[in-house]
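Step one of this worksheet: look at the structure below.
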Amino acid sequence: MSNETIAVIAGETITNADFDAYVENLPQEQKAYLANPQAKQHFIDQMIAMRLFEQLGKEEKLNESEEYKRIMAEAEREILAQIAVRETIKNVTVTEEEEKAYYEEHKQQFTKGATAHAKHILVESEEQCASIKAEIENGTKSFEDAAKEYSTCPSNARGGDLGEFSRGQMVKEFEDVAFEAEVGSISDPVKTQFGYHLVKVEGRTEATVAPFEEVKETIENQLVQQKRNEVYQAKIDELKAKYMQEA
């Protein structure tokens with residue numbers, strides 16, 4: 002219940018509603034702990050401690066000190082500025098036409114690169130690589146079984162399967178084969194800094210542009226932020242002309 006009493010301090014009743022308001026001002030990472038009853042009690046104790054020290058401050062008339070007045074003046078200035086900024090940018094919106102125009106003009110931003118799916122067998126020598134390929138081609142072993150038996154790469158447990166990857170994720174010599182060899186084929190030995198590979202290309206996808214609906218929210222957020230920055234800067238310039246004087 003929001004009106005349930007937590008404590009009474011100097012005649013003032015502290016309720017769950019007061020605690021909820023206190024929690025709102027906590028950093029987001031601290032709020033995550035509130036599901037733990039012990040952590041919640043810690044925050045309740047913390048709030049009560051603050052209220053107790055508030056009473057001590059009043060009793061000792063610290064709210065009449067110059068330090069208090071200075072801090073309060075700074076806080077008021079900051080809060081007022083934050084509210085004014087919020088009011089300045091609160092009505093900024095973008096239309097779907099603006100979003101679509103941005104999408105058409107910046108399609109390269111929304112391009113999904115080509116990918117390849119490959120398996121490989123990694124060994125130390127070119128001769129061993131060629132011998133393993135012969136075993137696979139004459140039907141003695143499947144590529145996957147050969148990978149499990151011979152490959153020194155941890156992918157051997159998956160039959161040499163490296164999954165799907167895009168350009169730039171593999172060394173160039175390996176990547177060239179994965180993106181250029183015929184799908185389903187098994188390459189000749191490929192030398193890289195890691196050793197010699199047999200590469201089996203399982204499949205490839207071509208580069209594609211993400212559809213507008215898929216990236217609409219991203220574009221909207223980007224354009225809104227851009228417009229807010231423009232409105233904010235324009236208001237700064239306006240206020241400088243209105244309020245600033247030569248130093």
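Heads up: the sequence shown begins at 2 in our numbering, then just goes up one per residue. The C-beta atom is built at its ideal place from N, Cα and C for all residues, glycine as well. The structure presented is a predicted model; accordingly, all values stated were derived computationally and were not measured.
Asked: As assigned by DSSP and simplified to three states, the class of residue 87; Found: helix
Asked: Neighbour-count burial assignment, residue 140, 16 or more Cβ in a 10 Å radius; Found: exposed
Asked: The stretch 42-56 touching the stretch 13-33, judged by at least three CB pairs closer than 8 angstroms; Found: yes
Asked: Chain-order list of residues whose beta-carbon lies under 6 angstroms from that of residue 201 (same chain, five-residue window excluded); Found: 120, 144 and 187
Asked: Separation of residue 111 from residue 198, as counted between CA atoms; Found: 34 angstroms
Asked: Environment of residue 171 [buried if 16+ CB atoms lie within 10 Å]; Found: buried
Asked: Buried versus exposed, by CB contacts within 10 Å (16 or more), residue 124; Found: buried
Asked: Collapsed DSSP secondary structure at residue 249 in the structure displayed; Found: Outside the modelled stretch of the chain, which goes from 2 to 248, sits residue 249, for which no answer is possible.
Asked: Strand pairing of residue 204, partner residues [DSSP]; Found: 118
Asked: Sufficient close CB pairs (3 or more, under 8 angstroms) joining the stretch 145-163 to the stretch 95-102; Found: no
Asked: CA nearest to the CA of residue 203, picked from 181, 210 and 209; Found: 181
Asked: Minimum Cβ-Cβ distance from residue 144 to chain D less than 9 angstroms; Found: Among the chains of the structure shown, chain D does not appear; only one protein chain is present.
Asked: Residue 172 - DSSP class collapsed to helix/strand/coil; Found: coil
Asked: Residue 195, enclosing beta strand (DSSP E) - first and last residue; Found: Element bounds for residue 195: n/a, residue is neither H nor E.
Asked: Per-residue burial, residue 72 [other beta carbons within 10 Å of its own, 16 or more giving buried]; Found: exposed
Asked: Strand pairing of residue 146, partner residues [DSSP]; Found: DSSP, once it has assigned bridges, lists no residue as partnering residue 146.
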